[in-house]
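The sequence shown begins at 561 in this note's numbering and counts up one residue at a time. The C-beta atom is built at its ideal place from N, Cα and C for all residues, glycine as well.
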Amino acid sequence: MKKIYRKYIDEAIKNNYELKICQDLIFKDVIFDSSFRFLFILLFLIYSFLNQEILIKITNISADTILNHEVLINSAAFYFTWIIILLIILFIANIIASILLKCLKKINLKKIYHYYKIYDLLKFICSIWVIINFIIVYIITPVTIDGISMEDSYYNNDKVLLWHFGYKADDNDVVVIDASNYGDTSSFYIKRIVAIPGDEIEYTLNALYVNDKLVCQKLTITEWNIIINSVGLFNCAKINIPDNKYLLLGDNRNHSSDSRYFGLVDKKDIIGKIILRYYPFNRFGIPKSLIKQ
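Structure follows, in structure tokens:
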């Protein structure tokens with residue numbers, strides 16, 4: 561409610577006024593506010609269903625966060641459920657407010673205002689919850705790293721933030737990919753992009769080069785064939801990365817399942833970029849690339 565209305569009502573209560581206009585201000589604010597939120601969350605729900613593929617991936621990635629704990633969430637089912645529950649609550653609040661506006665004109669203004677303050681507090685808490693979940697699902701998602709494939713840049717159990725809103729993959733980005741199309745149906749991989757569309761990759765002397773720069777010292781012919789076979793090429797020592805394809809490697813080359821084992825990665829399977837490590841606190845920040853060949 562606007563501050564000017566609050567001041568007006570507080571003054572009326574202080575002077576024991578029984579002003580009908582004060583009651584109307586409260587009821588109309590409840591109706592308008594719940595209607596606005598109902599419409600907003602309805603549009604949010606529709607948008608979520610239209611983008612449920614990425615939504616399911618993100619909710620699975622964030623399953624170990626405080627808001628979407630794995631005990632409470634089963635894929636995107638929990639997420640959709642709480643949005644629908646909010647819609648129902650707001651719809652009921654709208655009906656109740658309408659009834660009160662018509663039938664309870666003689667209720668003491670002080671009592672009405674007391675209950676309105678409780679409603680206002682609950683509304684604030686729900687709004688914060690919706691905003692935080694919106695940020696987690698559509699903009700920045702907390703991720704916990706599992707494994708040693710990115711050492712010495714990122715370590716097992718490091719907690720990082722994944723940016724995925726409007727993300728466009730770029731060279732040297734540390735990204736999270738959906739591994740369901742690359743042999744692991746239940747996991748997400750964190751890797752570094754070492755070659756983007758248009759880059760030239762070459763296999764020579766058991767090593768991998770990108771634009772004449774060494775990126776992997778020990779590469780077998782089998783691993784090279786996996787890389788080139790993933791784009792339908794055979795028996796060649798040099799290729800250019802096709803459109804919408806990316807070469808990904810772990811920083812810990814000797815302990816990483818990456819493009820050497822499943823080939824080039826499609827753009828659609830790259831979910832987002834790691835932008836910050838926030839835990840443990842002694843390693844807070846953005847680490848430099850420390851590649852273990």
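Sequence-distant Cβ neighbours of E711 in its own chain, meaning closer than 6 Å and more than five residues away, are N812. Counting C-beta pairs closer than 8 Å gives three or more between the region 821-828 and the region 781-793, which meets the contact rule. Pairwise C-beta distances place the region 803-818 in contact with the region 696-710, as three or more of them are shorter than 8 Å. Burial state of C776 is buried, judged by a 10 Å Cβ sphere holding 16 or more other Cβ atoms.
As the crow flies, the alpha-carbon of I801 is around 16 Å from that of K728.
Remark: C-beta atoms of A739 and F748 approach each other more closely than 7 Å. K833 is positioned such that its CB atom lies closer than 7 Å to that of D733. In this structure, L721 sits away from I618, with a CB-CB distance that is not shorter than 7 Å. Residue state for N732 is assigned as coil, using DSSP reduced to three classes. Of the candidates L610, D718 and F596, D718 places its Cα closest to the Cα of F841. The beta-carbon separation of A797 and L779, rounded to 12 Å, does not stay under the 8 Å limit for a contact. Approximately 6 Å separates the beta-carbon atoms of V703 and V736; this is inside 8 Å, confirming the contact. Checking the DSSP bridge columns, you'll see R752 partnered with V734 and L809.
Annotation for Y714: I705 place their beta carbon closer than 6 Å to its own, counting only its chain and skipping 5 residues before and after. Rounded to the nearest angstrom, the gap between the Cα atoms of I655 and L610 is 29 Å.
A Cβ-Cβ contact shorter than 7 Å links W723 with I700. Ranked by Cα distance from I696, the first of Y607, F725 and G792 is F725. Pairing I830 with G743, the inter-Cα distance amounts to about 15 Å.
Ranked by Cα distance from D731, the first of Y763, K828 and L807 is L807. Counted as a single uninterrupted DSSP element, the beta strand (DSSP E) harbouring Y763 occupies residues E760 to T764. The C-beta separation of G810 from K751 comes to about 6 Å, placing the pair in contact by the 8 Å criterion. Around F844, the same chain offers R837 and Y838 as residues with beta carbons nearer than 7 Å, after the five sequence neighbours per side are excluded. Taking 4 residues as the shortest admissible run, the region 814-848 contains the following complete alpha helix (DSSP H) segments, listed from N- to C-terminal end: 819-822. The three-state reading of DSSP puts I799 in strand, counting E and B together. Comparing C-alpha distances from N795 to each of D803, E762 and K827 shows the shortest one belongs to E762. Just measuring C-alpha positions, the residue of I799, K827, P847 and I601 sitting nearest W689 is I601. Assigned with DSSP and collapsed to three states, V770 falls in strand.
In this structure, the straight-line span from the alpha carbon of G792 to that of I649 is close to 54 Å. If you draw a straight line from the Cα of Y769 to the Cα of N804, it comes to about 20 Å.
Each residue's CA atom was taken as its position, placing L599 and I753 some 41 Å apart.
By the C-beta density criterion, I685 is exposed, having fewer than 16 other C-beta atoms within 10 angstroms.
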